[in-house]
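Adding 546 to a residue's 1-based position in the sequence shown gives its number in the working numbering. All residues carry an ideal CB built from backbone N, CA and C; glycine is no exception. Here's the structure, in structure tokens; my notes come after.
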Amino acid sequence: MPSISVVMPVYNRERVVGRAIESVLAQTHADFELVIVDDGSKDGTAAAVEAFADPRVRLLRQPENRGGNAARNRGVREAQASLISFLDSDDCFLPHKLAHVVEVFARRPEIDVLIDSFELVYPPEMNKPKAARRNPVLDNSSAIETALYARRMFKATPAISLRKPAIVAAGLFDETLKRRQDFDLVLRLVKTARCASTDAVLWTKEWSPDAISAKNDTFMAATIDLVRRHPNYIMTPEHRVGLARDLARHFIRLTRKGRIGVALKDARRFGDAFGRGTLAGLVLEGVGEVVRRRRTPREN
């Protein structure tokens with residue numbers, strides 16, 4: 547049995563999946579399995595995976611496309627190890643990722659979840675240096691919950707490593723969510739598991755304008771879903787600051803892009819769900835928070 551399982555969902559990722567796989571095979575810690583769940587791809591994704599003749603790579607096929615969360619859940623259920631990390635097909639592990647994770651969980655049997663940090667990589671044409679996105683070092687679930695709501699915690703799925711019983715007890719990924727499933731999962735984990743975070747940079751994410759555009763298009767529906775699932779996000783003053791900032795940034799981005807119609811539609815949707823006065827108060831609070839954060843230098 548491997549010491550750790552890496553779960554990676556894929557869907558029509560023929561051109562990029564090889565790089566993600568190579569980053570796992572290049573790990574300094576070699577005792578792992580990579581569980582790749584093909585979520586009904588229509589291109590050559592499965593063939594690209596099968597081209598890696600390494601017994602540690604397992605390909606599971608979904609008969610139809612059910613979404614990334616369903617694919618992740620199948621990978622978790624079929625993972626052979628009691629320790630699990632996640633990777634998305636357009637991201638990469640740094641070579642020491644698994645060694646670091648395995649060492650931390652071996653040294654600290656009391657923790658169930660570890661949230662690590664990453665490096666943002668820009669396309670060459672942007673001529674921008676890599677940027678570390680470091681999480682605060684926190685050692686209890688309550689502090690992590692507060693940091694999550696305040697948006698002081700990067701919690702993308704590849705940052706999450708955990709013991710298999712912990713994610714099963716939390717109910718796995720919500721398969722009805724199309725976005726922000728990582729946020730939802732960790733908010734449930736902090737209620738049922740012992741969580742910790744680290745500023746160790748263990749993986750890389752490539753910046754993509756297409757991803758930013760897609761987030762703008764799906765932001766409001768995902769945010770309304772998240773607030774309904776986790777009412778503290780809007781009801782608790784110390785928690786709602788992150789929601790306020792996210793809403794303000796969303797409307798600022800849409801306005802700058804000239805997408806006024808989309809901004810008005812999203813404002814109506816949120817106002818209908820939680821009240822127009824609530825929306826106005828949140829956006830005003832969020833604008834102040836955005837200004838404050840821009841005046842504060844980012845630590846790398």
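- For the options Ser551, Ser743, Ala645, the alpha carbon positioned closest to that of arginine 620 is the one of Ser551.
- Alanine 678 sits close to valine 747, with the two beta carbons spaced by under 8 Å.
- In the structure shown, methionine 554 falls within a strand segment according to DSSP collapsed to helix, strand and coil.
- In the DSSP assignment, lysine 751 is bridged to Asp637, Leu666.
- In the DSSP secondary-structure assignment, isoleucine 582 is bridged to Met554, Leu605.
- Sequence-distant Cβ neighbours of threonine 591 in its own chain, meaning closer than 7 Å and more than five residues away, are Val556, Asn558, Arg559, Glu560, Val563, Asp584.
- Within 10 angstroms of the beta-carbon of leucine 629 lie 16 or more other beta-carbons, which makes it buried.
- In the DSSP assignment, isoleucine 806 falls within the alpha helix (DSSP H) that extends over 806-820.
- Of the candidates Arg799, Gly834, Trp749, Met672, Trp749 places its Cα closest to the Cα of valine 570.
- Sorting Phe700, Lys803, Arg805, Ala809 by C-alpha distance to the C-alpha of leucine 793 places Ala809 at the top.
- The beta carbon of leucine 733 lies closer than 6 Å to those of His776 in the same chain, with the five residues before and after it left out.
- Closest option to methionine 554, judged by alpha-carbon separation, among Ser635, Phe578, Ser663: Ser635.
- Between aspartate 720 and asparagine 615, the gap from beta carbon to beta carbon is short of 8 Å.
- In this structure, alanine 767 sits away from glycine 832, with a CB-CB distance that is not shorter than 8 Å.
- Distances from the CA of proline 641 to each of Pro682, Phe797, Arg565 were compared; the closest alpha carbon is that of Arg565.
- DSSP, reduced to helix, strand and coil, places phenylalanine 598 outside both helices and strands of the structure shown, so it counts as coil.
- Judged by pairs of C-beta atoms under 8 Å, the stretch 700-720 touches the stretch 660-677, as three or more such pairs exist.
- Straight through space, the alpha carbons of glutamate 835 and glycine 827 are spaced by roughly 12 Å.
- Rounded to the nearest whole angstrom, the CA to CA distance from lysine 803 to phenylalanine 632 is 33 Å.
- Sixteen is the threshold: when 16 or more other Cβ atoms of the shown chains lie within 10 Å of the Cβ of isoleucine 690, as they do, the residue is buried.
- By the neighbour-count criterion, in which 16 or more other beta carbons inside 10 Å mark a residue as buried, threonine 769 falls on the buried side.
- Secondary structure note for phenylalanine 719: it is in no alpha helix (DSSP H), with a DSSP letter that is neither H nor E.
- The Cβ neighbour count for aspartate 685, taken over all protein chains shown within 10 Å, is under 16; the residue is labelled exposed.
- Rounded to the nearest whole angstrom, the CA to CA distance from leucine 605 to leucine 830 is 48 Å.
- Contact annotation, alanine 712 with alanine 739: C-beta distance approximately 4 Å; criterion of less than 8 Å satisfied.
- For leucine 708, the uninterrupted beta strand (DSSP E) segment begins and ends at 706-709.
- In this structure, the CA atom of aspartate 812 is about 33 Å from the CA atom of glutamate 671.
- If you draw a 10 Å sphere on the C-beta of glutamine 573, you find 16 or more other C-beta atoms in it, and that means buried.
- Its Cα nearest to that of valine 773, the residue Leu723 stands out among Leu723, Phe598, Tyr668, Leu735.
- When rounded, the separation of the alpha-carbon atoms in alanine 627 and isoleucine 582 is 14 Å.
- For serine 688, no beta strand (DSSP E) encloses it; the enclosing alpha helix (DSSP H) starts and ends at 687-695.
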